[in-house]
Amino acid sequence: MAPRPAPPRVLTVAGSDSGGGAGIQADLKTMLALGTHGMSVVTAVTAQNSLGVHGAWPLPAAAVTAQFRAVVDDIGVQAVKTGMLASAELVETVAGLLRPLDVPVVVDPVGVSKHGDALLAHDALDAVRHRLLPVATVATPNLDEVTQLTGITVTDESGLREAAVAVLAFGPRWALIKGGHLPGDAVDLLTDGTTEHWLRAPRSDNNHTHGTGCTLASAIAAGLAAGRSVPDAVAEAKSYITRAVAAGFALGAGIGPVDHGHALRGTPGRS
39 MAPRPAPPRV
49 LTVAGSDSGG
59 GAGIQADLKT
69 MLALGTHGMS
79 VVTAVTAQNS
89 LGVHGAWPLP
99 AAAVTAQFRA
109 VVDDIGVQAV
119 KTGMLASAEL
129 VETVAGLLRP
139 LDVPVVVDPV
149 GVSKHGDALL
159 AHDALDAVRH
169 RLLPVATVAT
179 PNLDEVTQLT
189 GITVTDESGL
199 REAAVAVLAF
209 GPRWALIKGG
219 HLPGDAVDLL
229 TDGTTEHWLR
239 APRSDNNHTH
249 GTGCTLASAI
259 AAGLAAGRSV
269 PDAVAEAKSY
279 ITRAVAAGFA
289 LGAGIGPVDH
299 GHALRGTPGR
309 S
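Residue numbering for the sequence shown follows this note's numbering, beginning at 39 and increasing consecutively.
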C-alpha cells in the first residue's frame, strides 16, 4: 500500500495563549479544521484567560530561530502565518528567516489583545513596517493596528480604502483591512492596489470573539497552502471565521472564544 500523502503544511510563528482561544492554539485548531498539518514556532508565552493577558514573556531569538530551522529544514512548509512577535529583535529575526522562503506568508501584525493589552513593544513598529510587511503575501491588520502602523483612523467603510493604500505602501502584495470594529455588518477590504474585493458578513449577536484575528489569518494561510489564490483563500477564510464566531461559546468570566471546531460538533455555525 502506498504511503498516505501528507496534507498541506502550514507553519504558525506566534505567541502561546494559555486560555486556548487565540495565538498558536487558535492557529493549530484552525489549520486542523481546514485539513492542513499545522506546525508552530513559539515566539512568546502569555498567561492569558477570558479576562485578559496577565503576563507575557518573549522567547530568546535563538530559540525562535532553532524552532524555525528544525521545521523548515526537515519537514518543509507550504505557507506561513505570523502573529505575536513581541519585540523588535524577534520581528527582525522572523523577517530574516522568512525572506528566503518561496511560499506565501500571511502577516497578522498583532499589536494589542482583544482586551486592549499590548502584545508588541512600541519600538518594534518600525521593524514591522520596514522588515516584516515587505515579506508578506497578505497583511491582515485590524483598525487599531492600522492606526498603530500608519496613523490613519478609520471611522467608516470609505476609510478602508485609504488604510489599504497606506498599508500597501510598506510592501505587502495584498492588504486585508478588517473592518470588524465598525458598526453594521462585518466588512473587510482585500486589495493589491489594483483590484478590490469587499467581503461582508452579518454580525453575530454574541461576545464570543476571542481569537478572531489569529483564526482568520491562519485560515487564509491554510487556503494558500492548499494552492488557492489570495482572493479565494481570503473569501473562504472569511466564511470560516463568520461561522466560527456564530458558534462561539462562553468560557470563563470574560470574552469567550470562537468555535474552531464548529463543523465537527454540528453547532449552529457549521457550513
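Cβ atoms here follow ideal geometry from the backbone N, Cα and C, with glycine treated the same way.
The structure presented is a predicted model; accordingly, all values stated were derived computationally and were not measured.
Asked, Found
"Sort 242, 190, 174 by Cα distance to residue 285 and report the nearest one.", "242"
"If I follow the unbroken beta strand (DSSP E) through residue 237, where does it start and stop?", "234-239"
"So, is residue 251 buried or exposed, given that buried needs 16 or more other C-beta atoms within 10 angstroms?", "buried"
"Using the C-alpha atoms, what's the distance from residue 270 back to residue 207?", "23 Å"
"Can the beta-carbon of residue 255 be found closer than 7 Å to that of residue 229?", "no"
"Are the region 127-135 and the region 170-186 touching, with three or more C-beta to C-beta distances below 8 Å?", "yes"
"Based on DSSP bridge pairs, tell me the residues matched to residue 227.", "215, 236"
"In chain order, which continuous runs of the alpha helix (DSSP H) of length 4 or greater are located wholly inside the region 141-213?", "181-188, 196-206"
"Just tell me which of 209, 205, 234, 196 has its CA closest to the CA of residue 221.", "196"
"Whole angstroms are fine: how far does the CA of residue 235 sit from the CA of residue 77?", "30 Å"
"So with Cβ pairs under 7 Å, would you call residue 130 a contact of chain C?", "Looking for chain C here will not work: only one protein chain is present."
"What three-state label does DSSP hand residue 86 in the structure shown?", "strand"
"Classify residue 265 as buried or exposed, calling it buried when 16 or more other Cβ atoms lie within 10 Å of its own Cβ.", "exposed"
"Pick out whichever of 109, 86, 80, 92 has its Cα sitting closest to the Cα of residue 101.", "80"
"Which one of 238, 301, 69, 97 has the shortest CA to CA distance from residue 54?", "97"
"For residue 119 versus residue 74, is the C-beta distance shorter than 7 Å?", "no"
"Going by DSSP, which residues form a beta bridge with residue 76?", "48"
"Output yes or no for whether 7 Å exceeds the beta carbon distance between residue 149 and residue 186.", "yes"
"Taking 7 Å as the cut-off, decide whether the C-beta atoms of residue 27 and residue 84 are in contact.", "Outside the displayed range of the chain (39 to 309) lies residue 27, so it cannot be described from this structure."
"Would you decide whether residue 261 is buried or exposed? Buried here means 16 or more other CB atoms lie within 10 Å of its CB.", "buried"
"Is residue 132 helix, strand or coil when you go by DSSP?", "helix"
"For a test of the three-state rule: what should DSSP assign to residue 117, helix, strand or coil?", "strand"
"With distances taken Cα to Cα, identify the nearest neighbour of residue 181 among 215, 232, 56, 143.", "215"
"What residues in its chain sit with their C-beta under 7 Å from that of residue 137, if we drop five residues either side in the sequence?", "173"
"Output yes or no for whether 7 Å exceeds the beta carbon distance between residue 282 and residue 48.", "no"
"Could you pull out every residue in the same chain whose Cβ sits closer than 6 Å to the Cβ of residue 106, ignoring the five residues on either side in sequence?", "79, 135"
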